[in-house]
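Peer 1: Have a look at this one.
In UniProt numbering, the protein residues as written are 1 to 218.
What follows is the structure, encoded as structure tokens:
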């Protein structure tokens, strides 16, 4: 998407994409994966039309580096998360959320599931693995059984790397999650229906809400 926008603006989108996939010397020490995906901070940038791909990439990486403040690093240490795990989880949270307000709760669900060894079961990771959009996913076609390390239905834990470039709201949500319901029970399940986010601490309640709000007649 970044490459397309750059090309539309008259910049070298293809060169940008090549550099993201094979960053070489451009890759900073805080990027743990082989590519720069996840670390290209989404923000408004102003570039001269003669700017090259390397300068664009360095600007986006520099903006991400500005988020790695000492307080952020302390929160990561407290949660036992590496920078790579933080960015990876934030990218999934961003893809799942319908709005920034939902992100801390969704982050809480995923962190609780990770602690318990439960699979994340995040649809956007399957879409990423297949190169599809979320509405294109099909259970009858076997999409959710795809053998990919990015399939969080099939493999527990986090996928190998980010599935997108998370913004500040998603990154902060992982650092400041809402992990429990008003009774102090850890959130473990969620789904969207009727324009709302539904959360549950137990599977039975999750199934009841699914039947009531997603599968019921209007």
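Quick reminder that beta carbons are idealized off the backbone N, C-alpha and C, glycines included. These numbers were taken from a predicted model, which means no experiment stands behind them.
Does the Cβ-Cβ distance between residue 43 and residue 103 come in under 9 Å?
Peer 2: Sequence index remark: in the chain shown, residue 43 carries index 43 (1-based). Sequence index remark: in the chain shown, residue 103 carries index 103 (1-based). Not a contact, by the Cβ cut-off of 9 Å.
Peer 1: Give the secondary structure of residue 186 by DSSP, where H, G and I count as helix, E and B as strand, and everything else as coil.
Peer 2: On the chain shown, residue 186 is found 186 positions in, with the first residue counted as 1. It is a strand residue.
Peer 1: Buried or exposed for residue 88, going by 16 or more other Cβ atoms inside 10 Å?
Peer 2: As a first step, residue 88 is located in the chain shown; it is residue number 88 there, counting from the start. Its Cβ being crowded by 16 or more others within 10 Å, residue 88 is buried.
Peer 1: Shortest alpha-carbon distance to residue 105 belongs to which of 156, 113, 187, 137?
Peer 2: Against the chain shown, residue 105 aligns to sequence position 105. For residue 105, the nearest C-alpha among the options comes from 187.
Peer 1: Can you tell me which of the three DSSP states residue 180 falls into?
Peer 2: As a working mapping, residue 180 is identified with position 180 in the chain shown. The answer is strand: DSSP assigns residue 180 an E or B state.
Peer 1: State the start and end residues of the unbroken beta strand (DSSP E) segment that holds residue 64.
Peer 2: Counting from one through the chain shown, the residue named residue 64 turns up at place 64. Note, residue 64: premise wrong, no beta strand (DSSP E); alpha helix (DSSP H) at 53 to 65.
Peer 1: With DSSP as the reference, identify every bridge partner of residue 200, one or two as the case may be.
Peer 2: On the chain shown, position 200 is the one that residue 200 refers to. Answer by DSSP bridge pairing, in chain order: 189.
Peer 1: Using the beta-carbon count (16 or more within 10 Å), is residue 176 buried or exposed?
Peer 2: Here residue 176 refers to the residue found at position 176 of the chain shown. Burial call: exposed.
Peer 1: Output yes or no for whether 9 Å exceeds the beta carbon distance between residue 160 and residue 149.
Peer 2: For the purposes of this step, residue 160 is taken as the residue at position 160 of the chain shown. For the purposes of this step, residue 149 is taken as the residue at position 149 of the chain shown. Contact: yes.
Peer 1: Report all residues from its chain with a CB closer than 7 Å to the CB of residue 201; omit the five preceding and five following residues, and keep chain order.
Peer 2: The count along the chain shown starts at 1 and reaches residue 201 at position 201. Closer than 7 Å at Cβ, skipping near neighbours: 181, 185, 186, 187, 188.
Peer 1: Buried or exposed: which applies to residue 53, given that a residue is buried once 16 or more other Cβ atoms fall within 10 Å of its Cβ?
Peer 2: Position 53 of the chain shown, counted from the first residue, corresponds to residue 53. Buried, by the Cβ-count rule.
Peer 1: Using the beta-carbon count (16 or more within 10 Å), is residue 16 buried or exposed?
Peer 2: For the purposes of this step, residue 16 is identified with residue 16 of the chain shown, where counting begins at 1. Flag for residue 16 reads buried.
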